[in-house]
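Residue numbers (my numbering), protein chains in the order written: chain A, 1 to 378; chain B, 379 to 756; chain C, 757 to 1134; chain D, 1135 to 1512. Written below as structure tokens is the structure these notes are about.
There are 4 protein chains.
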Amino acid sequence: MMSDEAVVAAMVATETAWLAALADAGVAPAAVDLSGLVGPEDVAGLAAAAEAGGNPVIPLVALLRERAGNDWVHRGLTSQDVLDTALVLCARAVLGRLRAETDAQVAALTDLARRHRDTVMAGRSLTRWAVPTTFGLKAATWLTGVLDAADDLAALTLPAQFGGAAGTLAGPAELARSPAAALDLAARAAAELGLPAAPPWHTARAPVTRFGDALVRCTDAYGRIANDVLVLSRPEIGELDEPAVPGRGGSSAIPQKTNPVLSVLIRRTALAAPALAAQLHLAAAEVVDERPDGAWHVEWPTLQLLGRRTVVAAAQATELVTGLQVHADRMAATAGAAAQQLLAERRALGGADDGDPWAYLGAAGELVDAVLDRAARR
Amino acid sequence: MMSDEAVVAAMVATETAWLAALADAGVAPAAVDLSGLVGPEDVAGLAAAAEAGGNPVIPLVALLRERAGNDWVHRGLTSQDVLDTALVLCARAVLGRLRAETDAQVAALTDLARRHRDTVMAGRSLTRWAVPTTFGLKAATWLTGVLDAADDLAALTLPAQFGGAAGTLAGPAELARSPAAALDLAARAAAELGLPAAPPWHTARAPVTRFGDALVRCTDAYGRIANDVLVLSRPEIGELDEPAVPGRGGSSAIPQKTNPVLSVLIRRTALAAPALAAQLHLAAAEVVDERPDGAWHVEWPTLQLLGRRTVVAAAQATELVTGLQVHADRMAATAGAAAQQLLAERRALGGADDGDPWAYLGAAGELVDAVLDRAARR
Amino acid sequence: MMSDEAVVAAMVATETAWLAALADAGVAPAAVDLSGLVGPEDVAGLAAAAEAGGNPVIPLVALLRERAGNDWVHRGLTSQDVLDTALVLCARAVLGRLRAETDAQVAALTDLARRHRDTVMAGRSLTRWAVPTTFGLKAATWLTGVLDAADDLAALTLPAQFGGAAGTLAGPAELARSPAAALDLAARAAAELGLPAAPPWHTARAPVTRFGDALVRCTDAYGRIANDVLVLSRPEIGELDEPAVPGRGGSSAIPQKTNPVLSVLIRRTALAAPALAAQLHLAAAEVVDERPDGAWHVEWPTLQLLGRRTVVAAAQATELVTGLQVHADRMAATAGAAAQQLLAERRALGGADDGDPWAYLGAAGELVDAVLDRAARR
Amino acid sequence: MMSDEAVVAAMVATETAWLAALADAGVAPAAVDLSGLVGPEDVAGLAAAAEAGGNPVIPLVALLRERAGNDWVHRGLTSQDVLDTALVLCARAVLGRLRAETDAQVAALTDLARRHRDTVMAGRSLTRWAVPTTFGLKAATWLTGVLDAADDLAALTLPAQFGGAAGTLAGPAELARSPAAALDLAARAAAELGLPAAPPWHTARAPVTRFGDALVRCTDAYGRIANDVLVLSRPEIGELDEPAVPGRGGSSAIPQKTNPVLSVLIRRTALAAPALAAQLHLAAAEVVDERPDGAWHVEWPTLQLLGRRTVVAAAQATELVTGLQVHADRMAATAGAAAQQLLAERRALGGADDGDPWAYLGAAGELVDAVLDRAARR
């Protein structure tokens, strides 16, 4: 979805849409579908040639013009138009996938929160016993994280980029004979791709940084879940376990060992993602001139890496929460054994102390219900 | 606004609001205004004592209870309730200030974009001549960055935090005798502070990361402006200059030298801010248990630093864009001298080449108008 | 040590040393000790005035010249000479303190590793039982981390900075009448401060980035220890505990709760430090011209923050490892109970399986001895 | 060098070396060269299978055992032994290449500094005229950055990793019948690979963070050069130009435009590299237990990315400094035209002012000589 192959295909789609817009407007003689002309086998060559020009658009355009026998390809555009729009197309695919994954996560977490609304467990604070809680409330809080991230995904706008060499649409206006016609060309090409049109954003990069921030909001939410699973599935604690899947989590040295692989891999992504989104902000802050001298170039691999990793982590998180094993008996046993400490606050507040953690759950149930309501209203 | 003194005052305000809610609900005997009891002179002592408890709330509560002679202070709360809510209060003040600054920036940039709608200048791409553009379009693109950031500031919600030791509201429910009454207490205390109520977000940190992301969107926008000013005010280029203020920009070694101090200081902040927002994400991703073991503690100084720096950069950006000196004659001269290169694309597209950069501005004016419309519609 | 007050005092010391060098060389009439002329009460004013000039040296020089009645102050220098050298002086103090702390840590960890050379415990991998190990080997591995960091601290060179307005020593050469005399002035001033002389490094920032990297190597080592303490002191595991200090680790809500405060605060620093060192690298990579336009300005607060936090974390780490409570009986009990899993590898390798974790420790003892040897040879 | 294919090949080499050590010691029946058994065509399958086990070693071992018909493969090792050692082998190749590139850079920069020892140019500070300098001194300062980085590369030690499931060498000791024999096995396997032996460093990650830091020291040095080239080759300044290579630096829109592609791409890497090295520190700081639960997994792709990008940037930097076009006449003309400002400091110090920038170069020549001496002494 964010592979080099996918980006190249999206660049070809962008050039095709532009050609269609030129033809629609009567500027170019005819629309041509370029989509079959460049394939995965060309990617290595394009990557090598990209070194000379500083970006892959220049050799791609040469290839397309030659293979299509059509000099109208790319006329009026600049490299950044094509690469930005292509990355937006890939980002749209990532978003689609993430929305599907968050839907599945919301469903699974809703189920966990509802089923365990009254499953008591020890609440832990700074690694120590705090007061009793329920696993339902823990799952509801995980759900809050996912819902927050899903809200941000839903709010994203990913516009097309058609601005020409310095964002003035001078080339398109020359071809189409007026500024208004140039704006119309850009709107048509965006519509071809199903993307919203927008003024050129070569040097105003909020579409990129917002995308990055929303993705990290996802990995934050997943990392937070994975951390709990890693702690609570430690053998001494044993309150949770990852889904049991034959062949997963094996060790190269120790037979019968089952590593919490999903959580480990999610955690890996969650640790690394914030710095990737920060790169996108740094790139945005380093922009200069009408098109920048390196800051833009930072974005491409960062977007690819962040997009790919977030999708993988989302799939792992879905699998994790969908098949999570909850050992309610162990939770109850631990809460019971720790009742003395878990009820210390209650005693200090002058409350009854019958040694029963179930009697000191506060508004845990009501809080679960509030989150379930929010999830149901989506 | 984000100083240690301000955070302490906000913590006192939070404890006061909670006490008022307890009194309103008939739980505590009376509301007490704690605001005079702890002052800037206590901050150093609290900071030192914070080392022992791991956070400043513990010694603060001891001080307030002693000085107010009131043991109801803080009853039912946990440290994180007080510190999170206090930081939210400080963040609200930051937001207020940032909104005022962005309003001023929008006004100044609107003026620049409108006045220079037809001021031609060389467009630059990868440091080289591209095609002609206008300074109005450059200012409009700066304005787009500020408007994007302002939209994100406007969309932020900063909720109060009242959750008790493990986010179950068990303490408040014990005091108020029911879960519903506990939720009501939390809502009253939030209302006292003028903050929205929300389910406890001890471990779901989107309110924090969204705040950080929005602030960096501001510094991204400012950094992008500063970079242009730094380049375009180089003596060899001379198209822009910082506002001339007596006593500003002097050198310790060279008389008459005028350093572009505002831009340099903005750039400093813009380079450093992305990593600060990333710390907030990392903290969010590292949460575990009902209250985390270090991840939360990362947030406080990071929020203070990011908040303070963004406000300073915003004020500097306002000053910069309000008093910016635009040398339209120099822009015209350079564009004229570079006409041959600036019109290379036009010639390649088969356009007329009369050596006039003014004739190849594409839709620059229309694009300026679109951004001005957007700004006017706010 | 890295406070604003300390930096101002170090700037005054730098100006004093330069004045002494000028006097020694017969350029200025007399050396003057400026050290009493500016105090902590001036810091706020200097910070405010620094905004206008972009750095605090400009107003400081004005103050010193006025109060000393001596126009020779700062002659031939540039702001960066003074601020870089001052930060180096502060960094030297930080290094001194860190070396003392690492010495104490090495002593404490040596003691732990030696005493627990044969204290068996469960080895854990990806949170699961692996094979048996000893607490002595764990402490020895912590020690390796500290020794690695200490080696890097020991290897650091922190040179003085005296280069003049563009790093050519033109001003000093003008004053001292020859290039050789200018180099001699710089060497004298450095010697006054007990610092090595070096060619101007205004734009070659390895001294700064190496310092940052070495400090993060320290916080990496401390974070790694804190993580183990946080996990192993969880109530369900109970193999370690932080030093018991009356009044430390209390909770604002729950009586008798003891939070692992040292580890939590160390972990906070360890999570945040890598991004600070990365800022120093970013600043180094963003240098341009003979003195840069913002990149240098990023360094000051970052160095202060990183220096201060590392010293605090070092002190906390010393306290943690010096007073660490090791529950060898609990370790033995857990290893015994988990023997079946801990010996799975042995069985798979065809080894005897007498259910005794003590019999499968491999070279743990020898590895401890090797680290102890390394520590002893320092 | 850091591709997935290279890492797989290095893992196979590691398993081969271990098998050889087992055979040498009389533990396994015979050494087998595994190097032909797994090839590039297996990489995609291994990557997919790695998801299930959490790392690629598990499926690789299965493949090697099956294809070699040899169950001794990997006996006594853990996944981390193989992957760490393999990454060290790849890192060694990266280092070899970087050393060759820095040698070439040192040669080219030495030549530039020597040839332009007396080429006067305007010194620039905070983008403004400062005092005169020489291009030779600028090149010498670039050279200092490269020499500093080269020193750090030269100081690196990259040890083999052979520790077994929890770093105790229990498995090897079981196979070899004694702790001493286990240590000997590890030493033999390291020697097979030409790597230094070391105690297991599964959880003490200085070898990794030092490697990352040294690589970023390289990209810092290259970024600093690229920034100068980007500024000084702007058309209004024109003092430098990138090497002219037919076909390089073209634009997709504008004929005859020549983009400074090498500098742009170097700058891209320099902006992104600090955050990558910070990830390695974060991973080191997040280690827990005998082998960590995600922190280790962060390292692999980060090392690959950082290694690959640094090598590419190094090659680009070599090409840049080797073929750099220096326009000494333009430098002289600009310095002459700006003489009034460039000599302001001299006038303020009471020096002669004959309007001649050549007369105010301070110790520039001597400083060049000092750096050339340092380079020559390597």
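Quick reminder that beta carbons are idealized off the backbone N, C-alpha and C, glycines included.
Under 8 Å between C-beta atoms of Thr-546(B) and Gly-123(A)
Taking 8 Å as the Cβ cut-off, Thr-546(B) and Gly-123(A) qualify as a contacting pair.
Give a yes or no on whether the minimum CB-CB distance between Leu-521(B) and chain C is below 8 Å.
Closer than 8 Å to the CB of Leu-521(B) there is not a single CB belonging to chain C.
Length of the line joining the Cα atoms of Ala-753(B) and Arg-602(B)
C-alpha of Ala-753(B) to C-alpha of Arg-602(B): approximately 19 Å in a straight line.
Residue range of the beta strand (DSSP E) that includes Pro-1266(D):
Pro-1266(D): member of the beta strand (DSSP E) spanning 1262 to 1268, first to last residue.
Three or more beta-carbon pairs under 8 Å between the stretch 606 to 623 of chain B and the stretch 688 to 704 of chain B, yes or no?
Yes, since at least three Cβ pairs between the stretch 606 to 623 of chain B and the stretch 688 to 704 of chain B fall closer than 8 Å, the two stretches touch.
Roughly how many angstroms lie between the CA atoms of Asp-780(C) and Ala-787(C), to the nearest whole one?
Each residue's alpha carbon lies about 8 Å from the other.
Can you pull the chain D residues whose beta carbon is under 8 Å from the beta carbon of Asn-70(A), in chain order?
Ordered by position in chain D, no residue passes the 8 Å Cβ test against Asn-70(A), which lies about 15 Å from the chain.
Span of the alpha helix (DSSP H), counted from its first residue to its last, around Met-1135(D):
Careful: Met-1135(D) lies outside any alpha helix (DSSP H) and carries neither H nor E.
Gln-325(A) by DSSP, collapsed to three states: which one?
Here Gln-325(A) sits in strand by DSSP.
Cβ of Ala-1034(C) within 8 Å of Cβ of Val-1043(C)?
Contact: no.
Limits of the alpha helix (DSSP H) - the one that Val-666(B) falls within
Premise fails: Val-666(B) is in no alpha helix (DSSP H) and is neither H nor E.
Given Val-1067(C), which residues of its chain have a CB within under 7 Å of its CB, disregarding the five upstream and five downstream residues?
Same-chain partners within the cutoff: Met-757, Val-850, Arg-853 and Leu-854.
Could you tell me which chain C residues have their CB closer than 9 Å to the CB of Val-88(A), listed as they occur along the chain?
Ordered by position in chain C, no residue passes the 9 Å Cβ test against Val-88(A), which lies about 27 Å from the chain.
Which residues bound the beta strand (DSSP E) around Ala-122(A)?
Where Ala-122(A) is concerned, the enclosing beta strand (DSSP E) stretches over 120 to 125.
Taking C-alpha atoms, which residue in Ala-149(A), Ala-226(A), Arg-92(A) and Asp-356(A) lies nearest to Lys-138(A)?
Checking every option, the nearest Cα to that of Lys-138(A) belongs to Ala-226(A).
Check distances from the C-beta atoms of the stretch 1402 to 1416 of chain D to those of chain A and list, in chain order, the residues that come in under 7 Å.
Those residues of the stretch 1402 to 1416 of chain D that come within reach of chain A (Cβ to Cβ, closer than 7 Å) are Arg-1402, Leu-1405, Ala-1406, Ala-1409, Ala-1412, Gln-1413 and Leu-1416.
Going along the chain, which residues of its own chain have a beta-carbon closer than 6 Å to the beta-carbon of Thr-463(B), five neighbours each way excluded?
Excluding sequence neighbours, Thr-463(B) sits near Thr-392, Ala-538 and Gln-539.
Tell me whether the beta-carbon of Arg-506(B) lies closer than 8 Å to the beta-carbon of Pro-1369(D).
In contact: Arg-506(B) and Pro-1369(D) (Cβ atoms closer than 8 Å).
Host alpha helix (DSSP H) of Glu-723(B) (start-end)
DSSP places Glu-723(B) inside the alpha helix (DSSP H), whose first and last residues are 722 to 726.
By the criterion of Cβ-Cβ separation under 7 Å, what are the contact partners of Ser-881(C) in chain D?
Under the 7 Å cutoff, chain D gives Ala-1299, Ala-1300, Asp-1423, Glu-1424 and Arg-1425.
Do Leu-971(C) and Ala-1135(C) have their beta-carbon atoms positioned less than 8 Å apart in this structure?
What the structure shows of chain C is the stretch from 757 to 1134, and residue 1135(C) is not part of that stretch, so it cannot be assessed.
Report the option in Leu-1038(C), Ala-773(C) and Val-763(C) whose CA atom is closest to the CA atom of Gly-950(C).
With distances taken between Cα atoms, Gly-950(C) lies closest to Ala-773(C).
Scan the stretch 250 to 279 of chain A and note each continuous beta strand (DSSP E) run of 3 residues or more that stays entirely inside, going in chain order.
If we require 3 residues or more, the stretch 250 to 279 of chain A turns out to have no beta strand (DSSP E) run fully inside it.
Please confirm whether Glu-664(B) has its beta-carbon closer than 8 Å to some beta-carbon of chain C.
Output row for Glu-664(B): interface = yes.
From what residue to what residue does the alpha helix (DSSP H) around Leu-1520(D) run?
Outside the displayed span of chain D (1135 to 1512) sits residue 1520(D), for which this structure offers no information.
Using the Cβ count rule (16 or more neighbours within 10 Å means buried), how would you classify Gln-836(C)?
By the neighbour-count rule (16 or more Cβ atoms within 10 Å), Gln-836(C) is buried.
Of all Cβ atoms in chain D, is any one closer than 8 Å to the Cβ of Ala-886(C)?
Chain D contact via Cβ: present.
Report the neighbours of Gly-1428(D) on chain A: residues whose CB is nearer than 7 Å to its CB, in chain order.
Gly-1428(D) reaches chain A at Val-264, Arg-267, Arg-268 and Leu-271, counting residues in chain order whose Cβ is nearer than 7 Å.
My output table needs one value for Leu-400(B): the three-state DSSP class, helix, strand or coil.
Reduced to three states, the DSSP call for Leu-400(B) is helix.
Separation of Arg-1311(D) from Ala-1409(D), as counted between CA atoms:
One alpha carbon belongs to Ala-1409(D), the other to Arg-1311(D), and they sit about 45 Å apart.
Hey, does Arg-248(A) have any beta-carbon neighbour from chain D nearer than 8 Å?
Chain D, which has a Cβ nearer than 8 Å to the Cβ of Arg-248(A), makes this yes.
In chain order, what residues of the same chain lie with their CB nearer than 7 Å to the CB of Ser-641(B), ignoring the 5 residues before and after it?
Cβ contact annotation for Ser-641(B) (same chain, cutoff 7 Å, sequence separation greater than five): Ala-604, Val-607, Leu-608, Glu-620 and Leu-698, in chain order.
Can you check whether the C-beta of Leu-77(A) is within less than 8 Å of a C-beta belonging to chain D?
At least one chain D Cβ lies under 8 Å of Leu-77(A).
So which residues of chain B does Val-813(C) contact, with C-beta pairs closer than 8 Å?
For the C-beta of Val-813(C), the chain B residues within less than 8 Å are, from N- to C-terminus, Ser-630.
If you measure between the beta carbons of Leu-361(A) and Pro-132(A), is that distance less than 8 Å?
Judged by their CB atoms, Leu-361(A) and Pro-132(A) are nearer to each other than the 8 Å cut-off.
Between Ala-582(B) and Asp-148(A), how many whole angstroms is the CB-CB distance? I'm expecting something under 8 Å.
Confirmed, Cβ separation roughly 7 Å.
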